[in-house]
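First the structure, in the form of structure tokens, and then the observations on it.
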Amino acid sequence: MIQQNFNANWRFCKDEGKFDDITLPHDAMLEEDRIPDLIAGENSAYFPGGKYVYEKNFDIPEETECVQIYFDGIYQKAKIELNGEQIGEQINGYTGFFVDLTEHMLHGSTNRLRVTADNTQIPNSRWYTGSGIYRDVTLFTGNRLHIRPKGIEVRTIDEKEAEIEIHICVEGMSEEDRNGISFEFKISDMSHRPQDFEIADQRWTERDYTVRMKQSAAQAWSCEDPVCYVLEVKMIKGITADVQTVRYGLRKLTWDPEKGMAVNGKEIKLRGACIHHDNGILGAKEYEDAELRRIRILKECGYNAVRTAHNEPSEALLDACDQMGMYVMAEFSDVWKAAKNPYDYSLYFREHAGQDLTAMVQKCKRHPSVVMYSIGNEVYDTKWTNSIRTCEYLTQIIRSIDDTRPVTMGFNILGAMSPPKDKEIPLAKETEQDVVDPKRKGKEASLVSSKLMNTVVMYLPQIMQMVKPETLEKNTAPLFDSLDIVGLNYGTHLYGIHEINPKRLIVNTETFPSQIGKTWPVTKKTAYVAGDFMWTGWDHLGECGVGVVEYGKTPRRLNKPYPCIAGGVGSVNLVGEIEAQGWYTKAVFGMLDQPYIGVRPLPHAGEKRKMSNWRGTDAVNSWAWGEQYYGKQAKVEIYCSGYEVELIQNGKSLGRSLLKECRSEFDVMYKAGELEAVSYDEQGKELGRSSLKSAGDQSRLILRAEKQHIPSGGIVYVFAEITDEQGIRKVNEDTDVVFTVCGNGELLAAGSGSPWAEYPYTGNKAKTWYGTAAAVVRAGEKGTITVTAEAGDRKADAIILSAV
Numbered sequence: 001m002i003q004q005n006f007n008a009n010w011r012f013c014k015d016e017g018k019f020d021d022i023t024l025p026h027d028a029m030l031e032e033d034r035i036p037d038l039i040a041g042e043n044s045a046y047f048p049g050g051k052y053v054y055e056k057n058f059d060i061p062e063e064t065e066c067v068q069i070y071f072d073g074i075y076q077k078a079k080i081e082l083n084g085e086q087i088g089e090q091i092n093g094y095t096g097f098f099v100d101l102t103e104h105m106l107h108g109s110t111n112r113l114r115v116t117a118d119n120t121q122i123p124n125s126r127w128y129t130g131s132g133i134y135r136d137v138t139l140f141t142g143n144r145l146h147i148r149p150k151g152i153e154v155r156t157i158d159e160k161e162a163e164i165e166i167h168i169c170v171e172g173m174s175e176e177d178r179n180g181i182s183f184e185f186k187i188s189d190m191s192h193r194p195q196d197f198e199i200a201d202q203r204w205t206e207r208d209y210t211v212r213m214k215q216s217a218a219q220a221w222s223c224e225d226p227v228c229y230v231l232e233v234k235m236i237k238g239i240t241a242d243v244q245t246v247r248y249g250l251r252k253l254t255w256d257p258e259k260g261m262a263v264n265g266k267e268i269k270l271r272g273a274c275i276h277h278d279n280g281i282l283g284a285k286e287y288e289d290a291e292l293r294r295i296r297i298l299k300e301c302g303y304n305a306v307r308t309a310h311n312e313p314s315e316a317l318l319d320a321c322d323q324m325g326m327y328v329m330a331e332f333s334d335v336w337k338a339a340k341n342p343y344d345y346s347l348y349f350r351e352h353a354g355q356d357l358t359a360m361v362q363k364c365k366r367h368p369s370v371v372m373y374s375i376g377n378e379v380y381d382t383k384w385t386n387s388i389r390t391c392e393y394l395t396q397i398i399r400s401i402d403d404t405r406p407v408t409m410g411f412n413i414l415g416a417m418s419p420p421k422d423k424e425i426p427l428a429k430e431t432e433q434d435v436v437d438p439k440r441k442g443k444e445a446s447l448v449s450s451k452l453m454n455t456v457v458m459y460l461p462q463i464m465q466m467v468k469p470e471t472l473e474k475n476t477a478p479l480f481d482s483l484d485i486v487g488l489n490y491g492t493h494l495y496g497i498h499e500i501n502p503k504r505l506i507v508n509t510e511t512f513p514s515q516i517g518k519t520w521p522v523t524k525k526t527a528y529v530a531g532d533f534m535w536t537g538w539d540h541l542g543e544c545g546v547g548v549v550e551y552g553k554t555p556r557r558l559n560k561p562y563p564c565i566a567g568g569v570g571s572v573n574l575v576g577e578i579e580a581q582g583w584y585t586k587a588v589f590g591m592l593d594q595p596y597i598g599v600r601p602l603p604h605a606g607e608k609r610k611m612s613n614w615r616g617t618d619a620v621n622s623w624a625w626g627e628q629y630y631g632k633q634a635k636v637e638i639y640c641s642g643y644e645v646e647l648i649q650n651g652k653s654l655g656r657s658l659l660k661e662c663r664s665e666f667d668v669m670y671k672a673g674e675l676e677a678v679s680y681d682e683q684g685k686e687l688g689r690s691s692l693k694s695a696g697d698q699s700r701l702i703l704r705a706e707k708q709h710i711p712s713g714g715i716v717y718v719f720a721e722i723t724d725e726q727g728i729r730k731v732n733e734d735t736d737v738v739f740t741v742c743g744n745g746e747l748l749a750a751g752s753g754s755p756w757a758e759y760p761y762t763g764n765k766a767k768t769w770y771g772t773a774a775a776v777v778r779a780g781e782k783g784t785i786t787v788t789a790e791a792g793d794r795k796a797d798a799i800i801l802s803a804v
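In UniProt numbering, the protein residues as written are 1 to 804.
In structure tokens form, the structure reads like this:
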């Protein structure tokens with residue numbers, strides 16, 4: 001079938017207001033005004049929900065026999081209407097789904113497609129979800145007899161022999177059609193060079209056509225070498241009935257409780273990052289360029305895997321992981337039958353989980369990057385024995401569709417301190433019919449905001465130690481037995497379950513960034529532990545302030561009040577800048593010879609620092625704090641993968657220090673000049689060096705774009721920085737920046753990496769954070785784009801980009 005991007009020329013309205021012209025993807029929640037005292041606002045970054053309508057008019061040629069549309073994600077409770085008739089719906093806001101328009105089309109006249117997204121029932125999530133059609137929409141048109149859209153799967157039988165098995169799902173086929181259908185195949189590499197192959201076998205199996213073939217001189221796919229190929233399948237019935245292409249990689253997985261996980265016969269350790277689905281200042285909107293950028297930056301931090309916490313990943317993310325080389329743990333849901341929020345997915349789990357999980361696996365099985373499925377995260381159901389049946393039900397669904405990847409789930413180990421109850425899981429008091437004001441204010445009793453929970457969080461590593469391997473195995477063995485791999489959230493001290501039961505293969509589904517220096521070396525040397533997923537790799541909206549550092553007399557608290565907007569966690573901040581935590585993690589992974597120099601914020605020198613376990617450091621890569629701090633004692637942190645580091649200030653050595661868990665600290669008097677760090681191995685050989693310099697008196701505004709040429713429809717990040725005359729960023733002169741975009745481009749968002757936000761991301765103003773702010777620009781038709789930034793009395797700066 002002909003595949004067409006269907007993102008353009010939509011109209012949008014909310015609250016039955018006027019329609020505005022938009023281009024998808026679109027996040028309606030990001031356009032709402034934040035409410036400081038919104039009920040459970042810390043979950044959603046203080047954004048309310050709402051009900052939103054999208055419409056699009058389009059024509060279909062008279063000869064078109066089949067029309068289908070694919071939505072990769074609508075949050076949430078989507079209803080699809082065509083020409084006034086409801087023809088589809090989807091409750092889960094992360095599940096991709098098809099709607100067949102064929103029987104409802106008007107040929108020869110204009111059709112009106114209407115999509116309603118209902119996100120009025122809040123709270124329904126523990127994090128920022130976004131609202132509306134926030135992922136891509138694709139239209140498929142063609143003949144009655146066709147290959148099902150996204151209906152080709154390529155399985156690797158033998159990666160060494162380059163033997164593959166192709167499954168082709170055919171729709172609209174009668175018995176008469178079947179006898180007259182034939183297929184032709186072409187394989188090319190990503191540079192369009194034809195590849196030789198030999199067909200070994202081909203046959204019909206019900207409605208699937210199965211082909212076995214061997215490629216000649218093909219390379220296997222891995223995160224280090226993500227070689228992909230393109231298969232073109234032509235289905236012929238008289239004349240050509242349909243043509244479809246699919247990208248694939250030759251990749252074989254094995255897993256074993258003694259040897260761990262292997263890709264193409266080579267043992268791997270998953271250096272994992274948990275990530276949420278939002279894109280920082282873009283909100284929930286998914287762009288191909290944003291996902292490619294995200295994976296590139298995470299790889300720069302040393303990660304080789306991501307966990308899609310806690311929902312079905314987008315096609316854009318999976319495509320990026322295929323292309324860039326990133327392993328994926330695809331996670332299904334944060335809840336099963338037991339609720340975590342009054343209006344979450346637990347209300348719909350019984351009726352919809354089967355079809356939603358099926359859709360996720362059907363999507364993921366076509367991507368070589370996906371190496372593991374997770375059926376849930378810290379689900380409350382494990383308190384009851386009923387959860388065993390649910391676990392078996394979900395794992396059976398996955399294995400019936402795809403038995404080539406292992407299944408896990410992330411366990412909250414505190415829930416295993418007592419045996420599960422042999423009772424029915426209590427139903428939620430709320431119902432899907434409740435009428436709820438999405439903007440209602442007031443306090444809602446929540447454990448996470450209580451003094452008790454704040455105390456628990458403060459001492460969480462010590463509390464976790466109360467759970468012993470014997471207790472965990474005794475109370476959760478039936479659940480573990482349903483899984484291929486046991487997923488432990490914050491349970492790195494529980495590897496003893498393997499000694500109790502040697503069948504246990506383990507993966508750390510969540511770990512503290514503050515503990516990565518201790519946990520990773522143990523994970524690395526333990527064969528039956530597949531890897532480690534740190535919480536988190538990339539900061540996200542919502543869960544406000546769980547990792548935000550506070551100072552002085554401010555009382556310790558888990559969530560932070562408005563205008564906090566993000567978790568304040570992650571190796572990478574909201575605009576894609578790698579923070580100190582990211583460089584430290586890379587050092588722990590053994591991938592950073594050149595030392596990273598971090599300086600704890602001098603405005604808080606001498607103050608008590610309050611950090612949660614989801615933040616390992618508050619250091620900043622700068623020695624440009626301003627002359628007002630001359631004479632202050634600076635805390636300097638150095639990270640690298642070596643043995644020893646030396647710190648030099650203005651040409652004078654301040655001594656050498658052995659690295660402990662890949663870090664060392666120095667107390668240094670702050671003054672103008674240069675700090676230089678040198679790393680050495682055990683033999684005293686220099687491995688690398690880096691330096692920081694103080695800034696001059698001049699303060700100017702400069703713009704920096706990540707790329708100069710942007711394809712039409714693509715996006716680019718443009719950074720505004722406050723620097724001195726030499727380009728050294730001044731981290732203590734934060735100011736408002738106003739962005740303007742002219743020409744063939746559109747300003748999508750403006751903001752910074754700060755977990756606090758004074759201005760809406762959908763506007764053109766942002767306050768810098770440690771000297772920088774960012775704008776995201778989408779390219780239009782071919783031509784020039786001029787981006788201008790102004791910051792107070794500083795001279796404005798402009799940069800010219802090309803839309804190509």
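Built from N, CA and C at the ideal position, the CB exists for glycine as well.
Roughly how many whole angstroms lie between the Cα atoms of Arg251 and Arg366? Translated into the one-based positions of the sequence shown, residue 251 becomes position 251. Translated into the one-based positions of the sequence shown, residue 366 becomes position 366. Between the C-alpha atoms of Arg251 and Arg366 there is a straight-line separation of about 11 angstroms.
Helix, strand or coil: how does DSSP classify Ile565 here? In the sequence shown, residue 565 corresponds to position 565, counting from 1. Coil at Ile565, not helix or strand.
Can you check whether the CB of Ser752 is closer than 8 angstroms to the CB of Ile774? Here residue 774 corresponds to residue number 774 of the sequence shown, with the count starting at 1. Here residue 752 corresponds to residue number 752 of the sequence shown, with the count starting at 1. The residue asked about is misnamed: residue 774 is Ala in this sequence, not Ile. Taking 8 angstroms as the Cβ cut-off, Ala774 and Ser752 qualify as a contacting pair.
Met190 versus Thr536, Thr245, Arg178, residue with shortest Cα-Cα distance: For the purposes of this step, residue 190 is taken as residue 190 along the sequence shown, with counting starting at 1. Comparing Cα-Cα distances from Met190 to each of Thr536, Thr245, Arg178, the minimum goes to Thr245.
Span separating the alpha-carbon of Val115 from that of Glu351: By one-based count along the sequence shown, residue 115 stands at place 115. By one-based count along the sequence shown, residue 351 stands at place 351. One Cα belongs to Val115, the other to Glu351, and the distance between them is close to 22 angstroms.
Around the Cβ of Asp667, are there at least 16 other Cβ atoms within 10 angstroms (buried) or fewer (exposed)? Walking along the sequence shown from the start, residue 667 turns up at place 667. Exposed, since its Cβ has fewer than 16 Cβ neighbours within 10 Å.
One question on the structure: do Cys364 and Ala330 come within less than 8 angstroms of each other, judged by their Cβ atoms? Your numbering for residue 364 matches position 364 in the sequence shown. Your numbering for residue 330 matches position 330 in the sequence shown. In this structure, Ala330 lies closer than 8 angstroms to Cys364 by Cβ.
Candidates Ser691, Ser131, Ile297, Gly108, of which the one nearest Ser679 by Cα: Residue numbering aside, residue 679 sits at position 679 when the sequence shown is read from its first letter. When each option's Cα is compared against that of Ser679, the closest is Ser691.
Might you give, ordered along the chain, the residues of its own chain that have their beta carbon closer than 8 angstroms to the beta carbon of Gln708, omitting 5 neighbours on each side? Taking the first residue of the sequence shown as position 1, residue 708 is located at position 708. Cβ neighbours of Gln708 beyond the five flanking positions: Leu801, Ser802.
For Leu452, is the classification buried or exposed, using 16 other Cβ atoms within 10 angstroms of its Cβ as the cut-off for buried? Residue 452 sits at position 452 when you count from the first residue of the sequence shown. Below a pLDDT of 50, predicted positions are generally treated as unreliable, and Leu452, at 47, falls in that range; no measurement from the model is reported.
Excluding the 5 residues flanking Arg148 on each side, which residues of the same chain have their C-beta closer than 6 angstroms to its C-beta? Walking along the sequence shown from the start, residue 148 turns up at place 148. The beta carbon of Arg148 is closer than 6 angstroms to those of Cys169, Glu171 in its chain, skipping five residues each way along the sequence.
Which class does Cys662 belong to by DSSP, given the choice of helix, strand or coil? As a working note, residue 662 is residue 662 in the sequence shown. Here Cys662 sits in coil by DSSP.
With distances taken between CB atoms, is the gap from Gly73 to Gly96 smaller than 8 angstroms? For the purposes of this step, residue 73 is taken as the residue at position 73 of the sequence shown. For the purposes of this step, residue 96 is taken as the residue at position 96 of the sequence shown. Cβ distance < 8 angstroms, so Gly73 and Gly96 count as in contact.
Pro194 by DSSP, collapsed to three states: which one? For this step, residue 194 is matched to residue 194 along the sequence shown. DSSP places Pro194 in strand when its eight states are reduced to three.
Identify the continuous beta strand (DSSP E) that holds Pro149 and give its terminal residues. In the sequence shown, residue 149 corresponds to position 149, counting from 1. Pro149: member of the beta strand (DSSP E) spanning 146-158, first to last residue.
Pro123 versus Lys693 - alpha carbon distance: Translated into positions along the sequence shown, residue 123 becomes position 123. Translated into positions along the sequence shown, residue 693 becomes position 693. Going from the Cα of Pro123 to the Cα of Lys693 covers about 47 angstroms.
Count the other CB atoms, across all protein chains shown, that sit within 10 Å of the CB of Glu315; report buried if there are 16 or more and exposed otherwise. To locate residue 315, count along the sequence shown from 1; it is residue 315. Buried.
Should the stretch 634-641 be regarded as contacting the stretch 584-596, the criterion being three or more beta carbon pairs within less than 8 angstroms? Yes, since at least three Cβ pairs between the stretch 634-641 and the stretch 584-596 fall closer than 8 angstroms, the two stretches touch.
According to DSSP, what are the bridge partners of Gly260? Sequence index remark: in the sequence shown, residue 260 carries index 260 (1-based). Under DSSP, the beta-bridge partners assigned to Gly260 are Asp256.
Could you please give me the residues that DSSP links to Met329 through a beta bridge? Reading the sequence shown from its first residue, position 329 is the one you call residue 329. Bridge partners of Met329 according to DSSP: Arg307, Met372.
Whether or not the stretch 698-717 and the stretch 231-245 are in contact is what I'm after, with contact meaning three or more pairs of Cβ atoms, one per stretch, closer than 8 angstroms; do they touch? In this structure the stretch 231-245 does not lie against the stretch 698-717, because fewer than three pairs of beta carbons, one per stretch, are closer than 8 angstroms.
Beta-carbon within less than 8 angstroms of Leu347's beta-carbon, same chain only, minus the 5 sequence neighbours each way: which residues are those? As a working note, residue 347 is residue 347 in the sequence shown. Within the same chain, Leu347 has close Cβ partners Ala339, Ala428, Glu430, Thr431, Glu432.
By Cβ distance, which residues of its chain are closer than 8 angstroms to Ala587, with the 5 residues on each side in sequence left out? Mapped onto the sequence shown, residue 587 falls at position 587. In its chain, beyond the 5 residues on either side, Tyr596, Tyr639, Cys640, Ser641, Cys662, Arg663 have a beta carbon closer than 8 angstroms to the beta carbon of Ala587.
With distances taken between CB atoms, is the gap from Glu232 to Met213 smaller than 8 angstroms? Residue mapping note: residue 232 aligns to position 232 of the sequence shown, counting from 1. Residue mapping note: residue 213 aligns to position 213 of the sequence shown, counting from 1. No, Cβ-Cβ distance for Glu232 and Met213 is not below 8 angstroms.
If you scan the stretch 199-276 from start to end, which runs of the beta strand (DSSP E) of 3 or more residues do you find wholly inside it? As far as the stretch 199-276 is concerned, its whole beta strand (DSSP E) runs of at least 3 residues are 208-215, 229-237, 239-248, 253-256, 260-263, 266-268, 270-275.
Tyr759 and Gly283 - do their beta-carbons sit closer together than 8 angstroms? Translated into positions along the sequence shown, residue 283 becomes position 283. Translated into positions along the sequence shown, residue 759 becomes position 759. No, the Cβ-Cβ distance between Gly283 and Tyr759 is not below 8 angstroms.
Taking the alpha-carbon positions, what's the Leu139 to Phe12 distance? Sequence index remark: in the sequence shown, residue 139 carries index 139 (1-based). Sequence index remark: in the sequence shown, residue 12 carries index 12 (1-based). When rounded, the distance between both Cα atoms is 19 angstroms.
Range of the contiguous alpha helix (DSSP H) that encloses Cys588: Within the sequence shown, numbered from 1, the residue matching residue 588 stands at position 588. For clarity, residue 588 is Val in the given sequence; the question names Cys instead. Per DSSP, Val588 belongs to the alpha helix (DSSP H) from 580-588.
Have a look at the DSSP bridge pairing and note the partners of Gln362. Taking the first residue of the sequence shown as position 1, residue 362 is located at position 362. Beta-bridge pairing links Gln362 to no other residue.
According to DSSP, which residues form a beta bridge with Arg609? For the purposes of this step, residue 609 is identified with residue 609 of the sequence shown, where counting begins at 1. Looking at the DSSP output, Arg609 sits in a beta bridge with Tyr551.
What are the boundary residues of the alpha helix (DSSP H) that includes Gln323? Here residue 323 corresponds to residue number 323 of the sequence shown, with the count starting at 1. It spans 315-324 - the alpha helix (DSSP H) in which Gln323 sits, taken as one unbroken run.
Coil, strand or helix - Asn179 by DSSP: Translated into the one-based positions of the sequence shown, residue 179 becomes position 179. It is helical.
Val777 versus Ala200, Arg296, Gly745, Pro478, residue with shortest Cα-Cα distance: By 1-based counting over the sequence shown, the position of residue 777 is 777. It is Gly745.
Taking one C-beta from the stretch 412-422 and one from the stretch 464-481 each time, how about it: are there three or more such pairs within less than 8 angstroms? In short, these stretches touch, since the Cβ pair count reaches three.
Cβ-based burial, Gly684 [other Cβ within 10 Å; buried from 16]: Taking the first residue of the sequence shown as 1, we reach residue 684 at position 684. By the neighbour-count rule (16 or more Cβ atoms within 10 Å), Gly684 is not buried but exposed.
Considering only C-alpha positions, which residue in the set Tyr52, Gly50, Val67 is nearest to Phe58? As a first step, residue 58 is located in the sequence shown; it is residue number 58 there, counting from the start. The shortest Cα separation from Phe58 among Tyr52, Gly50, Val67 belongs to Val67.
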